[in-house]
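Residue numbers for the sequence shown follow my numbering, beginning at 365 and rising by one. Structure first, then comments.
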Amino acid sequence: MEHRLGRTLRVFLVALAAAGFYRLAVVPIVEPRVRDTATALEMTPEEAAAIRARSDQRLAALGDVFPPGAWEREDPIMLESRQIRLLFKDYHSLPDGRVNLVPCTLVVLPDRNRVAADGQPGRTLVLRAPQGAVLEFDEPLDLRQGRLAKLIGGSLRGQVTIRGTPTAPGAEDDVEIVTRDIELDELEVRTGEMVQFRYGRSSGSGRGMVARLRPRPGSSGPAAAGGSSDKGPNIGGVDSIRLDRDVKMRIEGLAGGMLPGAAPPTAVDPAGAGAAPPTTSEAPASPPVLVSCRGALCMNVSANVITLEEHVDVIRAAADGATEQLSCDLLAIVLARKPKATDGAAVPATAAVRGGLEPVEIQAKGTPVVARSTGAELEVRAARLGYEIATRRILLDGEEPVSLVAKGTEMEARKIDYCPGPPGDPGSLMAVGPGWLRVRSEKSPPAQARWQQWLRMRPEGEGHVVSLAGDADVTVETQGRLSAAEIHLWLDVVKGSRPAKADPAAGPDLSGIRPSRLLARGMVEADAEELAARTDRLELWFRTVEPPPAPAIAPAQLPAAAAPVAATAAAPALPPTAPPPAPVVAAPPRQAPPPRTRGKMIATAALVRGQVTLAAAGNEVDEMSMEGQVHLVEQPLAAAAGGPPAEPGIDIRGDQMQLTRATRPDAKAIVSGRPAIVKGRGLDLQGPMVEFDRGQNRLTVDGAGKLSLPMVGGAGALESLAFTGNAPPPPAAAGPPGTLDVSWQGRLDFDGSKARFIDTVVAKGGTADLRAGSLDVIFDRPFEFAVDESQRGGKQPEVAKIACGAGVKIESESVDEAGDRSTEQLFVRDLVIDRASGDVTGSGPGRLTSTRSGQPPQMSLPAGPQAGGVAAQPVAATHRSSELTYLGVDFQRGLRGNLHRRTMEFHQRVEAIWGPVVRRGDTLDPHAAGGLPEGAVTINCDVLGVGQAPPMPGRQRSSIELGATGNVLVEGESFTARSARLTWSEGKDLLVFEGDGRSDAQLFRQLKAGAQPSSASAGKILYWRGLNRVDVEDARYLDLDQLRGGGAAGGQPGGFSGGGPRPLTPPRVPGT
365 MEHRLGRTLR VFLVALAAAG FYRLAVVPIV EPRVRDTATA LEMTPEEAAA
415 IRARSDQRLA ALGDVFPPGA WEREDPIMLE SRQIRLLFKD YHSLPDGRVN
465 LVPCTLVVLP DRNRVAADGQ PGRTLVLRAP QGAVLEFDEP LDLRQGRLAK
515 LIGGSLRGQV TIRGTPTAPG AEDDVEIVTR DIELDELEVR TGEMVQFRYG
565 RSSGSGRGMV ARLRPRPGSS GPAAAGGSSD KGPNIGGVDS IRLDRDVKMR
615 IEGLAGGMLP GAAPPTAVDP AGAGAAPPTT SEAPASPPVL VSCRGALCMN
665 VSANVITLEE HVDVIRAAAD GATEQLSCDL LAIVLARKPK ATDGAAVPAT
715 AAVRGGLEPV EIQAKGTPVV ARSTGAELEV RAARLGYEIA TRRILLDGEE
765 PVSLVAKGTE MEARKIDYCP GPPGDPGSLM AVGPGWLRVR SEKSPPAQAR
815 WQQWLRMRPE GEGHVVSLAG DADVTVETQG RLSAAEIHLW LDVVKGSRPA
865 KADPAAGPDL SGIRPSRLLA RGMVEADAEE LAARTDRLEL WFRTVEPPPA
915 PAIAPAQLPA AAAPVAATAA APALPPTAPP PAPVVAAPPR QAPPPRTRGK
965 MIATAALVRG QVTLAAAGNE VDEMSMEGQV HLVEQPLAAA AGGPPAEPGI
1015 DIRGDQMQLT RATRPDAKAI VSGRPAIVKG RGLDLQGPMV EFDRGQNRLT
1065 VDGAGKLSLP MVGGAGALES LAFTGNAPPP PAAAGPPGTL DVSWQGRLDF
1115 DGSKARFIDT VVAKGGTADL RAGSLDVIFD RPFEFAVDES QRGGKQPEVA
1165 KIACGAGVKI ESESVDEAGD RSTEQLFVRD LVIDRASGDV TGSGPGRLTS
1215 TRSGQPPQMS LPAGPQAGGV AAQPVAATHR SSELTYLGVD FQRGLRGNLH
1265 RRTMEFHQRV EAIWGPVVRR GDTLDPHAAG GLPEGAVTIN CDVLGVGQAP
1315 PMPGRQRSSI ELGATGNVLV EGESFTARSA RLTWSEGKDL LVFEGDGRSD
1365 AQLFRQLKAG AQPSSASAGK ILYWRGLNRV DVEDARYLDL DQLRGGGAAG
1415 GQPGGFSGGG PRPLTPPRVP GT
């Protein structure tokens, strides 16, 4: 349907052009040209009658253009030229050369060529000046010759009416223009009076009109043959028309929209013309459009542009109360000709004239321009506004920021260029920044975007791309925030989501799209409720899960009480009774969200990639990968008031990280680096590649690495092996937690309950270091990686057992409360330490060495009488912490002991040496070529037990106790002893040799080299070094010569007596 405003303006221009054409074309016809303007040729009665006869014939050809009773039907004089018919009754020339026609009517017939092409009758324009017209030509008017002179000027007096007939039968496009006192120049028509016009049902008014005409091309030239002349009206068309002020228009029947937010115009039919206007029964009447301005209205016919100036208001009010309004200081309406019908196309009988003008674009300026549409919930503010009616494209710009609000969308920027797409398509958008965008929707949380350079949305393939550049920042309420130098989001259009009718809103239609992937570059920061990321580049892919369809509700079956009762012979059928109403089930009370049990994760990397699943129940991160200086740290939760400090969270560092199903119980993660570091939840791990499986509760490190594990309240995992040394003081209850630090060169497998280390394992805990080919660390309770500290009840898993093999070496050191220090080394093939019970077992062959501070062993026998007959005195046991004592034990089968009781037992072919050393690091060799060092003692047996006894009353340090069984051989500097059992107590200073009933204990002694050795054999031999006393029980053999002092000076008792305050009384010997 042809646009009403375009038709009104076009008819108005044609009418004005006809008035000018009358001034320029009629005068040459009705007034002969004369050289002398003072003399005019008058027609004879015969000539006038001939002219009127011809006019009657031509008037009959006009049909019913004039109503009955009009003066034009009463024998007027008619002159014609091309499509122009000039009618008047009186004619005379004025002294100044002008011609006065009273009354005067000008008829402009349709173009014959256009009528033939369109097949329509066309429009006939009638200009009527009842009070006449005064025209001036370049030559006197000569009606008898019928030549046209060039129009110079003139005027139309009184009221002037211009009327146009409809272009086709039934078309509502008739025209009527009423004004008065029009002045004509050669190429200008003007009036200062009020101008009223009507086009169909539309109307308008204004004051002060100026119409500028274009000269006709080729209007100057020699006269044409046949008496015609090219000096007719020099009018090639209308250039512009202007109404100076007080312009008002009422536009009726505008089917489309002229304002942003209005419904799109009616689609163009295949013939290229708008559809026929709907009848009253087909569609409701369209609301009128009211246009007004205080300034001028100008129609530039050459450029097809209409401009309105100063306080321009365009208002359209619908019957439902919705309004469309545009306010500005300058409004320009761009017109264009509608496409003509194609060849062979059917032409409706009521179609409008093809190729007519219609509005296609609106340009507005103001301080600011304000456009509102309550129906579309639209409001636009800008210094300049452009709107393309056909495509509904909006262009906003200006010196100040512009704004656009449309159906839950708010936008502000320096410049906005938006073009809607088809129904369900978001269209194209370009917003030059700085600016911001807010979006609210019933199906999604509110979102806000900010940028400094531009926001752009454009089609790409079957979808769209949204790009933000320059400090881009996107925030989604309750979900998170993303900022970067630039952000690009790819959108896919959901199939079947396009509505059949376009939404009249001017904002983007995002109802039928879903995100496909996202790219953010340059100082990227992502912040969500549980995760924050900082990177140089972020790439995300999205997967949307559609909600399952609602199950079909089957029709409820009537219960037995509601079923119709069958008719019987005694009673008729009863209608069914209504079922009882369903009980109202109260909705369960809304529970508060559970408190957070984990801290927020912060990830840093050069590149972050991920895949996110979007679902109605919540979004999930399916996969995520990070590359380049990866750092993932968990912020600790705030500690409760008065509670313990918050536990440090997870801290992961590496070069690359792969994360799968992060929010699910079966999450998996792989971290690689040089090295990769994982800390938190009681672990401190380093390795080239760390694999984590939360579903299987498994942790694996392929390659060399390090691990630190928590220990029992302040104690290390490997307590000092000071079986022969000093018992360390107990750890403080409030001391910091101890750790077990393990390094390896092969591999780590950790299932939460047991950690297995392979190849060159080094473990350090407390005061001990352990080296082994393999190491198993077993915990008292599993490490559950999916459970945090609060869910574990505040208790960390502790090391319960340590098992190592493939060659084990343990070095330990202890310091007692007195400050005495002892160091031990243990070499075994395999070793198991149960920290709960304290039991230790190992397999040989192996060796134990110990160096302790304090008095050397007192296992040597006394040296007999002193020279000069002075008897030996008892030796008081003294404690000298500066002296060092060495113990070395070699064994073949294995060992077993208890850390808590400080005992150790060695088995099979045990060889031990005990003696003083000068400094730490020195050792004693029982097979030295020069014999045993001074004060050293060796023990060979099948089983050897070493332990520590509690300190004696009055002493600060513990004492050593030895026990040997099975072929015991003890060798000292001056004695040798053989027995089945041997015990020695440092605290009691007692040495006991025992037989086993089949063989006696034997003692051999030689005071000095070359001296006669002495010997004794008994069931049990007891020796107190401090008292210099020997007791023999169940004696079998005694060397009485030595006991009697044989070879000793002064005849004093010697030998085993050793001298003293009193001679040693030989014990009772059974059978003597």
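Ideal Cβ positions, reconstructed from N, Cα and C, are used throughout, including at glycine.
Any chance the CB of residue i is under 7 angstroms from a heavy atom of the ligand GTP?
i: E826; result: The ligand GTP is not among the ligands present in this structure, which contains no ligands whatsoever.
I'd like to check one pair, residue j with residue i: are the Cβ atoms closer than 8 angstroms?
i: G1208; j: Q1256; result: yes
i: L661; j: R614; result: no
i: S1072; j: M1053; result: no
i: G1252; j: T1205; result: no
i: G1069; j: G1051; result: yes
i: L832; j: W815; result: yes
i: V1334; j: I1385; result: no
i: S1381; j: Q1366; result: yes
i: L473; j: R449; result: yes
i: V766; j: I780; result: yes
i: D538; j: I516; result: no
i: L548; j: G570; result: no
i: E1188; j: D1133; result: no
i: R680; j: V653; result: yes
i: R804; j: G772; result: yes
i: V655; j: V678; result: yes
i: L499; j: V471; result: no
i: L520; j: I546; result: yes
i: P440; j: L426; result: no
i: V744; j: L759; result: no
Out of the options, which one is the CA nearest neighbour of residue i?
i: T839; options: K859, S808 and P823; result: S808
i: W1348; options: Q1312, D1364 and F1368; result: Q1312
i: G1137; options: A1026, L895 and R1193; result: R1193
i: V676; options: A667, E741, A683 and D610; result: D610
i: M558; options: E547, M573 and L548; result: M573
i: T525; options: C468, N983, L768 and F1147; result: C468
i: I1277; options: E1337, I546, L1263 and A696; result: E1337
i: Q1272; options: P765, R1266, R1260 and A967; result: R1260
i: A667; options: A681, A700 and R658; result: A700
i: D1057; options: F1147, G1013, L1104 and H995; result: F1147
i: M663; options: G1299, V1301, P723 and V1274; result: P723
i: R820; options: L1354, S1176, A777 and E841; result: A777
i: G1258; options: V1196, R1283, H1264 and T1249; result: V1196
i: V1065; options: G1102, S1107 and T1024; result: S1107
i: W800; options: R487, P790, Q817 and I1041; result: Q817
i: P752; options: P784, V734 and D761; result: One point to set straight first is that residue 752 is Glu, not Pro, in the sequence displayed. The option with the nearest alpha carbon to E752 is P784.
i: L1326; options: G1299, T1267 and L1296; result: T1267
i: K1032; options: S989, D1144, Q999 and Q1109; result: S989
i: S1186; options: K1165, G1202 and S1217; result: S1217
For residue i, list the residues DSSP reports as bridge partners.
i: W1388; result: L1354 and R1393
i: I1142; result: K1118 and K1165
i: N1331; result: None; N1331 has no bridge partner.
i: E552; result: R576
i: T531; result: According to DSSP, which records beta bridges pairwise, T531 is partnered with nothing at all.
i: P1074; result: T1103
i: K1032; result: T1024 and D1057
Practice task
State whether the region 720-731 contacts the region 688-697, with contact taken as three or more CB pairs (one from each stretch) at a distance under 8 angstroms.
Solution key: Judged by Cβ distances under 8 angstroms, the region 720-731 makes contact with the region 688-697, as three or more pairs qualify.
Practice task
Spell out a yes or no on whether the region 1355-1364 and the region 1276-1288 are touching, meaning 3 or more CB-CB pairs, one atom from each, closer than 8 angstroms.
Solution key: no
Exercise for the section: Decide if the region 841-856 is in contact with the region 881-892; the criterion is three or more beta carbon pairs, one per stretch, under 8 angstroms apart. Expected result: Yes, since at least three Cβ pairs between the region 841-856 and the region 881-892 fall closer than 8 angstroms, the two stretches touch.
Practice task
Take every Cβ of the region 969-978, pair it with every Cβ of the region 897-908, and state whether three or more of those distances are shorter than 8 angstroms.
Solution key: With a cut-off of 8 angstroms on Cβ pairs, the region 969-978 is in contact with the region 897-908, counting three or more such pairs.
Practice task
Note down, one range per segment and in chain order, each beta strand (DSSP E) of at least 3 residues found wholly within the region 766-842.
Solution key: DSSP runs (the beta strand (DSSP E)) wholly in the region 766-842: 773-783, 792-796, 799-803, 811-815, 818-824 and 827-840.
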